[in-house]
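I have placed the structure first, in the form of structure tokens, so that the comments after it can refer back to it.
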Amino acid sequence: MGEVLVSLKGADVVSSKDFTRPMVERVFEVADEALRSPERFSGSLSGKRVALLFVEPSTRTYSSFHVAARKMGADVLPLVDPEMTSLTKGESLYDTLKMIEGYGVDCIVMRHPARGAARYAADVVRVPVINAGSGSQEHPTQSLLDAYTIRRKRGSIDGLRIGFLGDLRFSRTVPSLVYTLSLFKDVTMHFIAPPALQVRPEVELHLRKRGVSYDKVEKQSEIPRVVGELDVLYVTRLQKERFPDPSEYERLKGSYRVDMELLSNARPTLGVMHPLPRVDELDPEVDGTPHAWYFEQASYGLPVRMALYHLILGG
Amino acid sequence: MEEGLLVRKIDWGTVIDHIPAWRADRVLRLIDAEQLAKDPEVSVIVLKNVPSRKYGRKDVIKLYHHHMSRTDAALVKLIYPTVTVNYIRDWKVEKYQPELPDVIEGRVRCPEVTCISNSKRDPVVRRFRVLKEDGYIQCYYCDAIVEFSSIPDLAVA
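Chains A and B are the protein sequences, given in the same order. Residue 116 in my numbering is what sits at position 116 of the first sequence, and the numbering runs on without skipping anything. Residue 122 in my numbering is what sits at position 122 of the second sequence, and the numbering runs on without skipping anything.
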């Protein structure tokens with residue numbers, strides 16, 4: 001049974017809700033190895049073909065999946081321009097996926113603007129589907145590199161107090177990371193956002209069912225106190241386009257800004273994370289401090305995605 | 001005053017009984033209206049706020065010349081657990097106890113407009129998992145949750 005939970009061979013990576021702790025830890029182990037001895041992975045996917053179907057813009061996720069596949073010797077079929085896939089001409093996702101499968105690919109990495117698109121794709125094709133972002137729903141592989149960052153920086157995830165700040169409602173990285181962290185012991189979560197941008201009800205339901213301790217911090221005046229208690233602060237961009245009232249955005253954006261003044265309340269060991277890109281919510285002044293984990297976090301995209309390819313297609 | 005005094009018994013059809021008072025319209029939304037309309041012989045009799053020995057007041061729906069699907073019966077029972085469904089054939093009454101479904105397919109639309117199951121291009125079968133202990137259904141694709149009581153608002157034919 002344990003082996004089944006650990007094995008990702010041939011598996012879809014659709015949602016972090018499907019993860020198990022042994023599986024996540026296995027990804028961490030292989031990512032450690034990919035960092036330590038990347039040469040061991042070169043050529044390990046030779047003869048394999050990976051399709052990258054990106055129907056939404058992407059920089060970090062696309063490039064790390066691409067570079068990881070190339071480093072491991074896989075053929076890459078890049079379908080980044082929606083024109084190439086005819087999706088913009090009105091072709092269904094179903095037809096596009098069937099066409100890609102017909103090219104004899106071994107795996108499809110997909111980013112799509114619709115929530116649930118990855119689950120649907122996994123049902124449509126026989127080959128493994130890796131969700132590289134499904135609208136505002138989830139970004140499970142980002143959650144693996146986020147959790148991996150925490151584990152690398154702190155040695156363990158168990159027992160940590162983690163704050164999520166910014167747009168928690170429309171962020172796809174937040175639900176995935178919440179689901180992944182909920183696999184660890186005694187993790188406490190604080191969701192710092194105005195009511196309109198708070199975590200979605202299904203995320204709260206998941207935490208209640210898992211018995212994870214969490215609270216919602218909706219008053220700006222409470223933010224410094226909460227930040228002072230955290231081990232990790234995960235910041236996401238406030239998405240201007242989501243605000244019904246633009247003046248509300250202008251009012252809030254300053255209050256949800258992580259700068260040296262806010263961090264003067266923090267523990268010396270607090271790590272600040274951000275899935276990037278950032279806009280105004282994270283002051284570049286923070287970059288030079290030990291709190292800034294975000295560039296290191298981004299760099300783990302490569303070993304974590306190599307680990308995923310290895311476990312799904314190789315191993 | 002029993003509802004029998006208001007409307008006569010039917011010899012063929014479905015009686016959806018013990019609906020909470022004033023909720024009959026919401027139950028009707030859950031019944032596949034297209035199927036009903038196909039048959040010119042069908043009549044729908046709705047009784048609202050009639051006395052009930054068990055519950056004080058209740059609504060009752062009689063579908064004359066129509067047997068509602070067992071799937072729809074299960075959906076109604078999920079939202080209104082007090083409901084009983086009787087199928088009538090030649091005056092004979094079959095008391096049907098619908099089993100609560102684990103999955104609802106086709107009949108409920110996801111409230112998330114950006115969910116793939118609302119795509120007009122793709123032939124996605126709408127599907128929800130039933131979280132019985134929590135009182136929600138959850139979209140199989142996008143994870144959106146819907147309280148049982150809100151299901152009639154999202155029912156599709």
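Using N, Cα and C, we set each Cβ at its ideal position, and we do this for glycine too. Keep in mind it's a predicted model, so treat the numbers as computed, not measured.
Chain B residues whose Cβ lies nearer than 8 angstroms to that of residue i
i                    : result
residue 93 (chain A) : 116, 119, 121, 122
residue 90 (chain A) : 121
Counterpart residues of residue i in DSSP-defined beta bridges
i                     : result
residue 75 (chain A)  : A:49
residue 110 (chain A) : A:53, A:131
residue 216 (chain A) : A:191
residue 129 (chain B) : B:103, B:138
residue 43 (chain B)  : B:64
residue 164 (chain B) : In this structure chain B extends from 1 to 157, so residue 164 (chain B) is not present and cannot be described.
residue 146 (chain B) : B:137
residue 87 (chain B)  : B:14, B:94
residue 304 (chain A) : BP columns for residue 304 (chain A) are empty, so no partner.
Residue i burial status per 10 Å Cβ neighbour count (16 or more: buried)
i                     : result
residue 33 (chain B)  : exposed
residue 143 (chain B) : buried
residue 305 (chain A) : buried
residue 2 (chain A)   : For residue 2 (chain A), the predicted model reports a pLDDT of 31, less than 50, meaning its position is unreliable and no value from the coordinates is stated.
residue 303 (chain A) : buried
residue 157 (chain B) : exposed
residue 208 (chain A) : exposed
residue 158 (chain B) : No answer is possible for residue 158 (chain B): it lies beyond the span of chain B, which begins at 1 and ends at 157.
residue 20 (chain A)  : exposed
Contacts that residue i makes with chain A (C-beta to C-beta distance below 7 angstroms)
i                     : result
residue 145 (chain B) : 201, 202, 205
residue 134 (chain B) : 205
residue 138 (chain B) : 202
Chain B contact residues for residue i, given Cβ-Cβ distances below 7 angstroms
i                     : result
residue 137 (chain A) : 142, 143
residue 114 (chain A) : 114, 115, 116, 119
residue 117 (chain A) : 116
residue 309 (chain A) : Neighbours of residue 309 (chain A) on chain B: none; closest Cβ ~25 angstroms, over 7 angstroms.
Contact set between residue i and chain B, taken where Cβ atoms lie within less than 9 angstroms
i                     : result
residue 214 (chain A) : What residue 214 (chain A) touches in chain B: nothing, since even the nearest Cβ is about 17 angstroms away.
residue 103 (chain A) : Simply none; closest approach about 20 angstroms.
Residue i, DSSP secondary structure in three states
i                     : result
residue 154 (chain A) : helix
residue 124 (chain B) : coil
residue 17 (chain B)  : strand
residue 42 (chain A)  : coil
residue 63 (chain A)  : helix
residue 80 (chain B)  : coil
residue 295 (chain A) : helix
residue 321 (chain A) : Here chain A covers residues 1 to 315 and nothing more, so residue 321 (chain A) does not appear.
residue 49 (chain B)  : strand
residue 93 (chain B)  : strand
residue 230 (chain A) : coil
residue 288 (chain A) : helix
residue 181 (chain B) : In the structure displayed, chain B extends from 1 to 157; residue 181 (chain B) sits before or after that span and is not available.
residue 7 (chain B)   : coil
Check: residue i C-beta below 8 angstroms from any heavy atom of the ligand GDP
i                    : result
residue 27 (chain B) : The ligand GDP is not among the ligands present in this structure, which contains no ligands whatsoever.
For this session: Would you mind listing the alpha helix (DSSP H) stretches within the segment 2–28 of chain A that are 4+ residues and don't spill past its ends, in chain order?
Result: Runs found: 2–6.
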